[in-house]
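Here the protein sequences line up with chains W and E, keeping their order.
Position one of the first sequence corresponds to residue 0 (numbering that gives the first Met the number 0), numbered consecutively onward.
Position one of the second sequence corresponds to residue 0 (numbering that gives the first Met the number 0), numbered consecutively onward.
Have a look at the structure below, then the notes.
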Amino acid sequence: MVNGKKHDVLHDVNAFLPQNSINVILGKSGCGKTTFLRILANLEQCDQGEVLINSDEKISFVFQEPRLMPWLSVSRNITFGLEKQKINFEEIEELMNLVGLKKFEKAYPHQLSGGMQQRVALARALAYDPSIILMDEPFAALDYFTREAMQKELIRIYQLKKKSIIFVTHSIEEAIAIGQNIFVFNEGRVHAQFNLEQYEYPRDVLSPSLIEIKKEILKKLA
Amino acid sequence: MEYKLQMKNLIKRLVPIALILTVWYLCTYFEVWSTYVLPTPLQVWNTFVSMVQSGELFVHISASLNRVMIGFSIAFVFAFILGIIAGLKPSLSPYYNHIVEFFRNVPPLSLIPLLILWVGIGEESKIIIIILASFFPMFLNIKKGFGSCDYKLIEVGKVLGLNSRQRFLKIILPSAIPDLLLGMKVGLGYSWRAIIGAEMIAAASGLGYFILDAQNMSRSDKVIVGIIVIGLLGVLCDKIFTILTKKFTRVGGMNNSWD
């Protein structure tokens, strides 16, 4: 609801998101990709249609901003969603190594850079041990180099843990660098779908075949 | 380096005090006012020492402190419970907002005549004054603390599967602590001011009574001792709270606030 008027954000979204792969939802801002993700996470309700997810799936969410608890240290932010009795400290330590924050476990969010904070947020989502991770433009606020490093890290984590990842972005390069399936959203519907499973990581986004795909995506977005 | 800086700051603090004492001494030396109206610094010091030795001063201090602690604790319990409700349920504000605004602007001391009629001149009337004086600043700050929790952090709790009780204990409560402590600090200051006034009107002990009694006995040196003790105790209370605030919010490495 905006200004008392109802706006349909999404209509005719029909997509099958395969398990254990990185699914990228790509679109211009305002095309409904964040809304779609929030509906999947049950943060918003859709008034028509349905989302079919196995009821035993654990879902966690990485937001655009880190959203860390400022009064908790890095390690306690990572274990934030867990019950105290159920914390496996070896696993948490492994996680901190995985995202490269072992040295900073006692630091507080304001002492970290934006990229490090986002890595804590990623570790928090992983510590929850979800089968599906929803990511809403998690690297959008980062500079080019940090962003590239984070993309590599995400791919590494994906290869190690084999989770289902649904990743929202407006950057075509990012979608091509990490996505196995790319869903192009336009005006609230899935406009096109690309399968990039045959391309091995790390990908060279400047290779001729991927540039060809980029051109096609651009056409679909226009 | 740290030590040097501290010494420098200490000297900066002592300079104006020395200046005031000097002016005070000169005024009495040249008898600008008679020593009957303005006693010398030394006279005041001697009175202070003799009152400490006789224990008279501590009787009054403990009487005042006792009232403040009882009234303040009761006010805190009410302010905490009502502050949580008001902070978490802003839709209820039309019911109480105007009443809070009204009573916030009525000085508690103006209620003394009625309170004396209703509950007498015993401890109750003084404790009620303190409750009225400290409730509103605490209530308003606690309400703000619970009401202004970042919704984005609450959403984090939701996606991590916390139920509403867990979200309250793990997100909303800790994020309200800086405001809660600030409210307590302001409330304590208010109740301290109110008790002195209340004791000057109706009491047989306490620092307020002590000052009024000294005035009746024409002992201006005792009046000055009383004023200095009140000021020092207020500063001390404030310092204790500042230290507590730092200790509780230090976990975030911040001075006074989370953000």
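We treat Cβ as the ideally placed atom computed from N, Cα and C, and that holds for glycine.
Straight-line gap, residue i to residue j (C-alpha atoms, nearest Å)
i: E:Ser-256; j: E:Ile-16; result: Residue placement at E:Ser-256 cannot be trusted, given a pLDDT of 43 that sits under 50; what the coordinates show is reported in the next sentence. For E:Ser-256 and E:Ile-16, the distance between alpha carbons rounds to 32 Å.
i: W:Ile-156; j: W:Asn-96; result: 11 Å
i: W:Phe-35; j: W:Gly-187; result: 9 Å
i: W:Tyr-198; j: E:Phe-145; result: 50 Å
i: E:Gly-225; j: E:Phe-209; result: 7 Å
i: E:His-261; j: E:His-97; result: The first residue shown for chain E is 0 and the last is 258, placing residue 261 of chain E beyond what the model contains.
i: W:Ile-50; j: W:Leu-39; result: According to the sequence displayed, residue 50 of chain W carries Val and not Ile. Whole-angstrom Cα-Cα distance: 7 Å.
i: W:Arg-37; j: W:Glu-43; result: 6 Å
i: W:Arg-75; j: E:Leu-64; result: 40 Å
i: E:Ile-176; j: E:Trp-117; result: 37 Å
i: E:Leu-37; j: E:Phe-138; result: 42 Å
i: E:Leu-81; j: E:Phe-75; result: 10 Å
i: E:Leu-18; j: E:Val-31; result: 17 Å
i: E:Arg-67; j: E:Ile-126; result: Residue identity differs from the one stated: residue 67 of chain E is Val in this sequence, not Arg. Taking the straight line from one Cα to the other gives about 7 Å.
i: W:Ala-176; j: W:Pro-201; result: 8 Å
i: W:Phe-194; j: W:Glu-215; result: Just to set this straight, residue 194 of chain W is Asn in the shown sequence, not Phe. Their backbone Cα atoms lie some 13 Å apart in a straight line.
i: E:Ser-109; j: E:Ser-49; result: 36 Å
i: E:Gly-86; j: E:Val-99; result: 14 Å
i: W:Leu-81; j: W:Ser-112; result: 25 Å
i: W:Lys-102; j: W:Glu-90; result: 16 Å
i: E:Thr-46; j: E:Lys-221; result: 7 Å
i: E:Asn-215; j: E:Leu-206; result: 14 Å
i: W:Lys-32; j: W:Phe-166; result: 10 Å
i: E:Ser-219; j: E:Lys-11; result: 30 Å
i: W:Leu-220; j: W:His-109; result: 38 Å
i: E:Tyr-319; j: E:Tyr-35; result: Outside the shown range of chain E (0 to 258) lies residue 319 of chain E, about which nothing can therefore be said.
i: W:Met-0; j: W:Ser-130; result: Per-residue confidence for W:Met-0 stands at a pLDDT of 44, beneath the threshold of 50, marking its modelled position as unreliable; the derived number appears in the next sentence. Distance between the alpha carbons of W:Met-0 and W:Ser-130 is about 32 Å.
i: E:Ile-242; j: E:Gln-165; result: 29 Å
i: E:Leu-4; j: E:Val-14; result: 16 Å
i: W:Val-204; j: E:Val-155; result: 33 Å
i: E:Tyr-94; j: E:Ile-120; result: 33 Å
i: W:Ile-210; j: W:Leu-217; result: 10 Å
Sheet register partners of residue i (DSSP bridge)
i: W:Ile-181; result: W:Val-23 and W:Phe-193
i: W:Asp-135; result: W:Val-167
i: W:Ser-59; result: W:Ile-132
i: W:Arg-188; result: W:Asn-185
Contact belief for residue i with residue j at Cβ below 8 Å, rounded distance in angstroms
i: E:Ile-141; j: E:Pro-107; result: Not confirmed; about 19 Å, so no contact.
i: W:Ser-72; j: W:Glu-104; result: 7 Å
i: W:Asn-185; j: W:Cys-30; result: 6 Å
i: W:Glu-64; j: E:Lys-151; result: 7 Å
i: W:Gln-117; j: W:Leu-141; result: 7 Å
i: E:Val-326; j: E:Leu-41; result: Chain E is shown only over 0 to 258; residue 326 of chain E falls outside these bounds and no answer can be derived.
i: E:Val-43; j: E:Ile-223; result: 5 Å
i: E:Leu-180; j: E:Phe-240; result: 7 Å
Residue closest to residue i, alpha-carbon to alpha-carbon, out of the options
i: W:Pro-137; options: W:Lys-27, W:Lys-151 and W:Ala-120; result: W:Ala-120
i: E:Gly-160; options: W:Arg-118, W:Val-73, W:Thr-78 and W:Val-204; result: W:Thr-78
i: E:Pro-112; options: E:Gly-70, E:Cys-26 and E:Ala-201; result: E:Ala-201
i: W:Gly-99; options: W:Ile-86, W:His-109 and W:Gly-114; result: W:Gly-114
i: E:Val-158; options: W:Gln-158, W:Ala-174, W:Leu-133 and W:Gln-150; result: W:Leu-133
i: E:Tyr-189; options: E:Gln-165, E:Leu-91 and E:Phe-71; result: E:Phe-71
i: E:Phe-143; options: E:Gln-165, E:Val-222, E:Asp-178 and E:Glu-122; result: It is Lys, not Phe, that sits at residue 143 of chain E in the sequence shown. Among E:Gln-165, E:Val-222, E:Asp-178 and E:Glu-122, the Cα nearest to that of E:Lys-143 belongs to E:Asp-178.
i: W:Lys-161; options: W:Ser-20, W:Ala-106 and W:Asn-87; result: W:Ser-20
i: E:Leu-114; options: E:Leu-211, E:Ala-197 and E:Gln-52; result: E:Ala-197
i: E:Thr-248; options: E:Ser-174, E:Leu-231 and E:Met-199; result: E:Ser-174
i: E:Leu-265; options: E:Ile-83, E:Ser-61 and E:Val-43; result: As displayed, chain E neither begins before 0 nor continues past 258, which places residue 265 of chain E out of reach and without an answer.
i: E:Met-199; options: E:Ser-124, E:Leu-20 and E:Asp-149; result: E:Ser-124
i: E:Ile-83; options: E:Lys-7, E:Gln-5, E:Ala-213 and E:Cys-148; result: E:Cys-148
i: W:Asp-222; options: W:Ala-139, W:Asn-87, W:Val-204 and W:Pro-17; result: Residue 222 of chain W lies beyond the residue range present for chain W, which begins at 0 and ends at 221; the question has no answer from this structure.
i: W:Ala-191; options: W:Ala-106, W:Ile-212 and W:Asp-55; result: W:Ile-212
Chain A within 8 Å of residue i, Cβ atoms only
i: W:Tyr-143; result: Any reference to chain A falls outside this structure, whose protein chains are W and E.
_Can you confirm whether the region 119-134 of chain E touches the region 176-194 of chain E when touching is taken to mean that 3 or more C-beta pairs between the two stretches lie within less than 8 Å?_
With a cut-off of 8 Å, the region 119-134 of chain E and the region 176-194 of chain E count as touching, because enough Cβ pairs lie within range.
_With three or more C-beta pairs closer than 8 Å as the rule, is the region 114-132 of chain W touching the region 42-60 of chain W?_
The answer is yes - the region 114-132 of chain W touches the region 42-60 of chain W, with three or more Cβ pairs under 8 Å.
*Could you tell me whether the region 172-181 of chain W touches the region 18-30 of chain W, where touching means 3 or more Cβ pairs closer than 8 Å?*
yes
*Tell me, please, whether the region 236-248 of chain E touches the region 171-190 of chain E by the rule of three or more beta-carbon pairs shorter than 8 Å.*
Enough Cβ pairs lie closer than 8 Å, so yes.
*asked:* Below 8 Å, how does it come out for the region 167-177 of chain W and the region 143-155 of chain W: are there three or more Cβ pairs, yes or no?
replied: yes
*Please confirm if the region 166-176 of chain E is in contact with the region 68-87 of chain W, defined as three or more CB-CB distances below 8 Å between the two stretches.*
yes
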